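Asks: Before I ask anything, here is the structure I am working with.
Protein chains in written order, with the working numbering: chain G, 608 to 1028; chain P, 608 to 1028.
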């Protein structure tokens, strides 16, 4: 049995027939090196946006089930076309949608999680020498309902398939040529990382580096699947390998700097200082599936015996959160609710941080000496994040990138860095 | 249990979101009259053409399996969007693709025939008050392979579903408002038929009236499903009802005149007059799935002891036929093969013909007195067809339409008459 390589191509890589031909050549090249190849593809270019637009023209509140029926078609177009292109190059190939493979998910629409992947059919077809092309982003429930996996879905499909098939590697082909120390659009001299640990990649992703969705990195970590992020337009470049920290040589304490502009800061003022008030607040948000990132609770004021609680959520959850907070405010007899959208979360990430003291203070001093006000701080073992004013974001990234010696000295070629679904 | 009405909407009826909203209103109106409604839809507008174009850009000879994977997506987009539009009008609705319903076909790609339709899920959902929206044109094999039904596929899906569900009626909504005595683009005073028998409709369809594909009419006849062809843009008009001849009142011997420009005439000259030569010729064509329409074999020539055989096939089969005929020519030691594309088949159709002698001679005389040369003739119980020169086609239709008293005296509104897939 040959080694199995799973390759994933995003929407921009299959945006038109010329690009699909290019992808077919990359796939065939991998096959001709003696590997068994399983390819996962997203919908072509802006197909998904186009379909969603029509859906909302017909119904301001389309059902999740029908959205999944609609959106899952995009990937089925891509797999059929790519399979034809591979066959035109003289190789045996076959396409499968999620129902045909048996990519089983929970019975949740628009953001289902994979619970099982059948591999019998895949192994049989690989043993017959066929290249297999599978629709990413979609799944099927036990009852035959079509589901989709939500943002980062195709990456997650690819990684989960690599795990189920015990693949040697999962290559995520995209329109960027790897993971950078920071966004090259902000710092043109950002360096490409040859390798990064799952943990660092997770923090980078959570902190706003849009190369990979955290879910796919989590899945890769869980199944110990080596992930490679590389460009489908510059295949000579080996991109960035994402592996377990035990396999890495750590040279620098800080691997990267990320900035996240997608958050909004909410302060609920004057919450009476009785036990359980934080649980009521965050429980209500969790019930509506709103993730809270940074949280700060001030010390209780002696006189009024009240607390302020500040936290950040994603901007897209703000309308839902406002409704919830109004009712929580009543229930807790709290004061004003303040919302600030002009914020940025700046993070430094590195698996080497844990052994080297002084990283945090260097970060705080750097920001202070550049007159950047820190409004919230949160830390993990391999990440330090500071909430600052949005207008200071780029300056913060640039100076931190320099202070932690991440500059390559060479200006990177900047392509688009839109995340693929 | 309420009456079940199956409605089918073709590609032009769902070409954009405005038209889908219009279709949703028609569907909901039928439901609000107390009927259970099952809707079958085609792909939006020119989706199929667009997908086929990309396929051929990638592979000059795309595999049937992958074409079916590709093309079946078009209908899945339509069913999701139409379901959302129906839900926006406050009704319960659910979409199903062929795999979800269980529309089982033979294991043949791009032109599979339906062999079984499961109705449990449909009946359960109807009993819950839901409007069901089903993807036409597609099927699934026992092994879970996706198939498509070929031309006229969505009509056939609708009629077969109506049969399986024992529906009261199958309404085929299209962009024409019914079946006419002849093509209104050729004869503006053509009359719309209130009703026509399955047999007449079959002959009209075979003779080139593009309103319904013969397959769907055959299926309707087989299951005794009353079919109604009506306009999705002019719903007040009841269109044309297609029913069993036993339920019809036959007023006129000739119900319609049709012209078919899609055929090509082939003459294989000087075939030695030994038994079995016709079987070799037509057997070879049948093996490649080429349908032969009219056939004339000349009397054997006494001197050379050879025959000429003339026949017509569809133009799209010509390239394949040429290859076959070259090898047959060698095998039979035949003479020249002559091909004539400048022909038209003109037919008069009517279930009342059988009881009234003289219809055929009236047709031949009418053509002769207009100096139109008849090159081949074929007849069935309810149809007489003459092969003539293409340039005479419109003149022949007009004069026959007049001679058999089919003119309404009123000019019909002419919309497009493109057949829906």
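For each residue, glycine too, the CB sits at the ideal point set by N, CA and C.
In this text the structure is predicted, and so the values were computed from the model without any measurement.
Quick check on residue 1027(P): buried or exposed, where buried means 16 or more other Cβ atoms within 10 Å of its Cβ?
Replies: Because residue 1027(P) carries a pLDDT of 38, less than 50, the predicted location of this residue cannot be relied on, and no value is offered for it.
Asks: So that I know if they touch, is there some Cβ in chain P lying closer than 8 Å to that of residue 684(G)?
Replies: For residue 684(G), the answer is yes, since a Cβ of chain P falls inside 8 Å of its Cβ.
Asks: Quick one: what does DSSP say residue 632(P) is sitting in, helix, strand or coil?
Replies: Helix at residue 632(P).
Asks: Rounded to whole angstroms, what is the Cα-Cα separation between residue 705(G) and residue 753(P)?
Replies: Straight-line Cα distance between these residues: approximately 13 Å.
Asks: In the DSSP assignment, find the unbroken beta strand (DSSP E) run with residue 783(P) in it and report its ends.
Replies: First-last for residue 783(P): undefined, no H or E at that position.
Asks: Under 8 Å, with one C-beta from each stretch per pair, do the region 735 to 749 of chain G and the region 705 to 714 of chain G reach the 3-pair mark?
Replies: A contact exists between the region 735 to 749 of chain G and the region 705 to 714 of chain G.
Asks: Determine the direct distance from the alpha carbon of residue 675(P) to that of residue 809(G), and round the result to whole angstroms.
Replies: Roughly 39 Å between the two C-alpha positions.
Asks: Bridge partners for residue 660(P) per DSSP, in chain order?
Replies: DSSP lists no partner for residue 660(P).
Asks: Check the Cβ-Cβ distances between residue 745(P) and every residue of chain G, and say whether any is below 8 Å.
Replies: No, no contact with chain G.
Asks: Please report the straight-line C-alpha distance between residue 619(P) and residue 626(G), rounded to a whole angstrom.
Replies: About 31 Å.
Asks: If you draw a straight line from the C-alpha of residue 818(G) to the C-alpha of residue 862(G), how long is it?
Replies: Roughly 15 Å between the two C-alpha positions.
Asks: State yes or no: is the C-beta of residue 660(G) nearer than 7 Å to some heavy atom of the ligand NAP?
Replies: Absence of the ligand NAP is noted for the structure shown, with no ligands found whatsoever.
Asks: For the alpha helix (DSSP H) containing residue 823(G), name the first residue and the last one.
Replies: 821 to 830 is the extent of the alpha helix (DSSP H) around residue 823(G).
Asks: How is the beta strand (DSSP E) around residue 863(G) delimited, first residue to last?
Replies: Segment 863 to 867, the beta strand (DSSP E) holding residue 863(G).
Asks: When you compare each of 699(P), 697(P), 652(P) to residue 678(P) by their alpha carbons, which one comes out closest?
Replies: Comparing Cα positions, the closest option is 652(P).
Asks: Among 764(G), 758(G), 751(G), which residue has its Cα nearest to the Cα of residue 740(G)?
Replies: For the residues 764(G), 758(G), 751(G), the minimum Cα distance to residue 740(G) belongs to 764(G).
Asks: Flag this pair as touching only if the region 797 to 805 of chain P and the region 639 to 652 of chain P have three or more C-beta atom pairs under 8 Å; answer yes or no.
Replies: The region 797 to 805 of chain P vs the region 639 to 652 of chain P: no contact.
Asks: Looking at the C-beta of residue 687(G), does it have a partner C-beta in chain P at a distance below 8 Å?
Replies: By this cut-off, residue 687(G) is an interface position.
Asks: What are the residues in the region 614 to 636 of chain P lying within 7 Å of chain G by C-beta distance?
Replies: Under the 7 Å Cβ criterion, the region 614 to 636 of chain P contributes 624, 627, 628.
Asks: Can you list, in chain order, the residues of its chain whose CB lies under 8 Å from that of residue 775(G), leaving out five sequence neighbours each side?
Replies: 610, 611, 612, 642, 833, listed in sequence order.
Asks: CB-CB under 8 Å to residue 851(G), same chain, minus the five flanking residues each way: which ones, in chain order?
Replies: Same-chain partners within the cutoff: 804, 805, 828, 831.
Asks: Looking only at DSSP bridge pairs, what is residue 983(P) linked to?
Replies: BP columns for residue 983(P) point to 994(P).
Asks: Which residues in chain G have a C-beta closer than 7 Å to the C-beta of residue 707(P)? List them in chain order.
Replies: Near residue 707(P) (Cβ distances below 7 Å), the residues of chain G are 751.
Asks: Is residue 1017(P) helix, strand or coil when you go by DSSP?
Replies: In this structure, residue 1017(P) counts as coil in the three-state DSSP scheme.
Asks: Where does residue 926(P) land, buried or exposed, given buried means 16+ other C-beta within 10 angstroms?
Replies: Exposed is the call here.
Asks: Measure the alpha-carbon distance for residue 878(P) versus residue 902(P) and round it to whole angstroms.
Replies: One C-alpha to the other measures close to 15 Å.
Asks: Taking the alpha carbon of residue 1007(P) as the point to measure from, which residue in 979(P), 988(P), 1017(P) has its own alpha carbon closest?
Replies: The residue with the shortest Cα to Cα distance from residue 1007(P) is 979(P).
Asks: Which word fits residue 799(P), buried or exposed, when buried means at least 16 other C-beta atoms lie within 10 angstroms of its C-beta?
Replies: Per the 10 Å Cβ criterion, buried.
Asks: Closer than 8 Å between beta carbons: that is the criterion. Which residues of the region 827 to 841 of chain G meet it against chain P?
Replies: Going along the region 827 to 841 of chain G in chain order, one finds no residue with a Cβ nearer than 8 Å to chain P.
Asks: Please classify residue 767(G): is it buried, with 16 or more other beta-carbons within 10 angstroms of its beta-carbon, or exposed?
Replies: Per the 10 Å Cβ criterion, buried.
Asks: Here's a check: name, in chain order, each residue in its chain whose Cβ is nearer than 6 Å to the Cβ of residue 966(P), leaving out the five neighbours to either side.
Replies: Around residue 966(P): 860, 960.
Asks: From the beta carbon of residue 650(P), is the nearest beta carbon of chain G less than 8 Å away?
Replies: So, not an interface residue.
Asks: Would you give the residue range spanned by the beta strand (DSSP E) that residue 668(P) belongs to?
Replies: Neither: residue 668(P) is in no beta strand (DSSP E) and is coded neither H nor E.
Asks: So for residue 756(G), helix, strand or coil by DSSP?
Replies: In this structure, residue 756(G) counts as coil in the three-state DSSP scheme.
Asks: Determine the extent of the beta strand (DSSP E) in which residue 879(P) is found, giving its start and end residues.
Replies: Start and end: 870 to 879.
Asks: Please go through the region 654 to 738 of chain P and give each complete alpha helix (DSSP H) segment of 4 or more residues, from N-terminal end onward.
Replies: DSSP runs (the alpha helix (DSSP H)) wholly in the region 654 to 738 of chain P: 654 to 665, 671 to 695, 705 to 708, 727 to 734.
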